[in-house]
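> Using the working numbering, read the sequence shown as starting at 539 and increasing by one per residue. A virtual CB, placed ideally from N, CA and C, is assigned to each residue, including glycine.
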Amino acid sequence: MDTKTRQQIEETFLEVSRIAARKTIYALRAERNGRSQLAKLFRAIALSEKAQALRLLIQLRGQTGTNQENCRSAFEAEIPSLIQKYEEAAKNAEHAGERAMQSAFSQSARVQRMHLRLKKKLDEDPVKDNPYYVCSFCGFIMEDHAPEKCPICTAPSSRFTSV
Ligand SMILES: [Fe+2]
539 MDTKTRQQIE ETFLEVSRIA ARKTIYALRA ERNGRSQLAK LFRAIALSEK
589 AQALRLLIQL RGQTGTNQEN CRSAFEAEIP SLIQKYEEAA KNAEHAGERA
639 MQSAFSQSAR VQRMHLRLKK KLDEDPVKDN PYYVCSFCGF IMEDHAPEKC
689 PICTAPSSRF TSV
């Protein structure tokens, strides 16, 4: 691929991913202010932008590998690397007296470590076919049903989305 095109894909991917996340926050604000149609529009645009980001990522990485290669990439490289980054960021935030960020980084590290355990459980029982429930605030994932309260961030069960 042409270098300039590749660079533009990388830059646009980062930008569209960032603004998609912001639309989700805008939607929450619109909802709180009773602007439900505006909230829906922000959510729809966020989904659209996520789709655009994914399309760019597919171009950037080329074809994805086999399930085995993807699992190795996700569970042996990407997630452990992110856990390390979150833990370093949590230490820095603690050192700087940034309590809210220290908590957010630590919670995200815990959530990611739990993802590794979920994969281990799946390996132990590869024929299972259970739903996962994801906390829309902290990202905690629970199998089978949503908890009454998120054990990581205390969000109520209504904040969980099933997969
Ligand atoms: Fe949570």
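Among 609, 632, 700, which residue has its Cα nearest to the Cα of residue 661?
Position 123 of the sequence shown, counting from 1, holds the residue named residue 661. Cα-wise, what sits closest to residue 661 is 609.
> Under 8 Å between the Cβ atoms of residue 649 and residue 670?
The sequence position of residue 649 within the sequence shown is 111, counting from 1. The sequence position of residue 670 within the sequence shown is 132, counting from 1. No, these two residues do not count as a Cβ contact at 8 Å.
> Taking 8 Å as the threshold (C-beta atoms), are residue 693 and residue 673 in contact?
As a position in the sequence shown, residue 673 is number 135, starting the count at 1. As a position in the sequence shown, residue 693 is number 155, starting the count at 1. Against a cut-off of 8 Å, the Cβ pair of residue 693 and residue 673 comes out as a contact.
> Excluding the 5 residues preceding and the 5 following residue 645 in the sequence, name in chain order all residues of the same chain whose CB lies nearer than 7 Å to its CB.
In the sequence shown, residue 645 corresponds to position 107, counting from 1. Hits under 7 Å: 676, 690, 691.
> Determine, using beta-carbon pairs with one atom in the region 614 to 622 and one in the region 630 to 638, whether at least three such pairs fall under 8 Å.
With a cut-off of 8 Å, the region 630 to 638 and the region 614 to 622 do not count as touching, because too few Cβ pairs lie within range.
> What is the DSSP secondary structure of residue 643, counted as helix, strand or coil?
Residue mapping note: residue 643 aligns to position 105 of the sequence shown, counting from 1. Residue state, collapsed to three classes: helix.
> Please report how far the alpha carbon of residue 605 lies from the alpha carbon of residue 625, in whole angstroms.
For the purposes of this step, residue 605 is taken as the residue at position 67 of the sequence shown. For the purposes of this step, residue 625 is taken as the residue at position 87 of the sequence shown. Using only the alpha carbons, I get a separation of about 28 Å.
> Does the separation of the CB atoms of residue 695 and residue 686 fall below 8 Å?
As a first step, residue 695 must be located in the sequence shown, where it is residue number 157. As a first step, residue 686 must be located in the sequence shown, where it is residue number 148. It is a contact, given that the beta carbons lie within the stated cut-off.
> So if DSSP puts residue 689 in a beta bridge, which residue, or which two residues, is it bridged to?
Position 151 of the sequence shown, counted from the start, is the residue given in the question as residue 689. None, per the DSSP bridge assignment.
> Are there 16 or more other CB atoms within 10 angstroms of the CB of residue 587, so buried, or fewer, so exposed?
As a working mapping, residue 587 is identified with position 49 in the sequence shown. That one is buried.
> Looking at the structure shown, is residue 681 part of a helix, part of a strand, or coil, going by DSSP?
If you number the sequence shown from 1, residue 681 lands on position 143. Residue state, collapsed to three classes: strand.
> Which residues in the same chain have their Cβ closer than 8 Å to the Cβ of residue 562, if we skip the five residues on either side of it in sequence?
For this step, residue 562 is matched to residue 24 along the sequence shown. Excluding sequence neighbours, residue 562 sits near 580, 581, 584.
> Go ahead and label residue 665 buried or exposed: buried means 16 or more other beta carbons lie within 10 angstroms of its beta carbon, across all protein chains shown.
Numbered from 1 along the sequence shown, position 127 holds the residue referred to as residue 665. Answer is exposed; the Cβ neighbour count stays below 16.
> Using CA atoms only, rank isn't needed, just tell me which of 556, 612, 634 is closest to residue 653.
Looking up residue 653 in the sequence shown gives position 115. Of 556, 612, 634, the residue nearest in Cα terms is 612.
> Along the chain, where does the alpha helix (DSSP H) containing residue 609 start, and where does it finish?
Against the sequence shown, residue 609 aligns to sequence position 71. Note, residue 609: alpha helix (DSSP H), 605 to 609.
> Keeping to the same chain, check which residues put their C-beta closer than 6 Å to that of residue 565; ignore five residues upstream and five downstream.
Reading the sequence shown from its first residue, position 27 is the one you call residue 565. Once the five neighbours on either side are set aside, the close Cβ partners of residue 565 are 577, 580, 581.
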